[in-house]
Amino acid sequence: MPFKEIVGQERAIKILTKSLKENKVSSSYIFIGSEGTGKYFTAIEFTKAVNCLNLNKNLEACDNCHSCNGINKQCYPDLKIIEPIKNSVKIEQIREMRKEIGLKPFKSKKKVYIIDQAEKMTLEASNCLLKTIEEPPCYAIIILICSKIDPILPTIVSRCQIINFGLITSFKIKELLLNKLNNLEKDRAEIISKLARGSIGKAFKLSADKEYFTRREKMLDYLSTIIPGKYGDDIFAKVEKIMSEIDRIEEILEMIK
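The opening position of the sequence shown corresponds to residue -10 in the working numbering, with each subsequent residue numbered one higher.
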């Protein structure tokens, strides 16, 4: 996914490409923004751009060289992606990273470490990471991806360049859905683009959920019977139905907004 295909994050892309152009790539970044706004894809694309052997004039990776192919296939020795294990990033994972980061790149310009959902680092993991961020090797880049910055140690935040990822407009989400999904009807794309609330990831998830609109129509029908003046004999049964879906209350609230 070239930089130009990352929708709605022009400002973030501009900052990153400028750093490439001026050869001022930071050693540590925080990509902060709501889920589904392109943080992860941007981190991968930035990793490719940093290590691409044939970077084009727009500072985008070629997607054909050895480095780009390896990163695309996620079998690149100088890229490490760290994700939460059982809902937290643990100290053992960061210790392993610290061991690896001390070794020079295998065949790249830069070794890149991406910590996804970095806000889920334990305190011990955070303190361990801080030691590396304080004195990073010149050949390493650490990218923390998070949807909330408050849980991250202030001492880590102060040592990172913060790249903000904003919510995507419903118009851009609708346009993207219609371009990418040939079988999606316009009216559904319109609804999904609003329900997604700025998240492309959520928009595609809703589009792939074949039963979502069926559930939505049923729920709206149930709720319509509770409006004053429309009480029916089956009102209690329908209330009970809604209550039985309480484990999906967040989805239900989104449906009726």
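Beta carbons are placed, not taken as given, at the ideal position from N, Cα and C, and that holds for glycine.
What is the C-beta distance between residue i and residue j, in whole angstroms, given that I count them as a contact (C-beta under 8 angstroms)?
i: MET110; j: VAL146; result: Not a contact, Cβ separation roughly 12 angstroms.
i: THR36; j: ILE60; result: 6 angstroms
i: SER115; j: LEU133; result: Contact doesn't hold; Cβ gap of about 10 angstroms is too wide.
i: SER56; j: SER8; result: In fact, because the Cβ distance is near 18 angstroms, the residues do not count as touching under 8 angstroms.
i: LYS191; j: ALA185; result: 5 angstroms
i: PHE154; j: ILE21; result: 7 angstroms
i: PRO125; j: ILE131; result: 7 angstroms
i: MET86; j: TYR65; result: In fact, because the Cβ distance is near 15 angstroms, the residues do not count as touching under 8 angstroms.
What's the call for residue i, buried or exposed, on a 16-neighbour Cβ count within 10 Å?
i: GLY91; result: exposed
i: ASN40; result: buried
i: LYS137; result: exposed
i: THR121; result: buried
i: ALA50; result: buried
i: ASP67; result: buried
i: LYS95; result: Going by the sequence as given, residue 95 is Phe instead of Lys. Looking at its Cβ environment, which holds fewer than 16 other Cβ atoms inside 10 Å, PHE95 is exposed.
i: GLU34; result: buried
i: ILE189; result: buried
i: LYS100; result: buried
i: ILE245; result: Summary for ILE245: the model assigns pLDDT 49, below 50, so the residue's position carries little reliability; its value from the coordinates is reported in the next sentence. With fewer than 16 other Cβ atoms within 10 Å, it is exposed.
i: THR158; result: exposed
i: THR144; result: exposed
i: ILE74; result: exposed
i: CYS127; result: exposed
i: ILE238; result: Unreliable positioning characterises ILE238 in this predicted model, as indicated by a pLDDT of 48, which lies under 50. A coordinate reading is not provided.
i: LEU209; result: exposed
Could you compute how far the alpha carbon of residue i sits from the alpha carbon of residue j?
i: GLN150; j: ILE19; result: 6 angstroms
i: SER16; j: LEU119; result: 13 angstroms
i: ARG204; j: LEU195; result: 12 angstroms
i: LYS161; j: LYS175; result: 13 angstroms
i: CYS54; j: LEU48; result: 15 angstroms
i: ALA178; j: LEU156; result: 17 angstroms
i: LEU44; j: VAL14; result: 15 angstroms
i: GLU164; j: LYS28; result: 20 angstroms
i: GLU81; j: ALA129; result: 20 angstroms
i: ASP52; j: LEU5; result: 18 angstroms
i: LYS169; j: PHE193; result: 10 angstroms
i: LYS88; j: LYS46; result: 36 angstroms
i: TYR123; j: ILE152; result: With the sequence shown as reference, residue 123 is identified as Glu, and Tyr is not the correct amino acid for it. For GLU123 and ILE152, the distance between alpha carbons rounds to 19 angstroms.
i: TYR201; j: GLU24; result: 20 angstroms
i: ARG84; j: ILE(-5); result: 32 angstroms
i: CYS135; j: LYS(-7); result: 22 angstroms
i: LYS10; j: GLU113; result: 36 angstroms
Give me the DSSP bridge partner(s) of residue i.
i: TYR102; result: LYS69 and ILE131
Return yes when at least one heavy atom of the ligand GTP lies under 7 angstroms from the C-beta of residue i, else no.
i: ARG87; result: As presented, the structure is devoid of all ligands, the ligand GTP included, so that no description of it is given.
Touching by the beta-carbon criterion (3+ pairs, under 8 angstroms), the segment -9 to 1 and the segment 89 to 109: no
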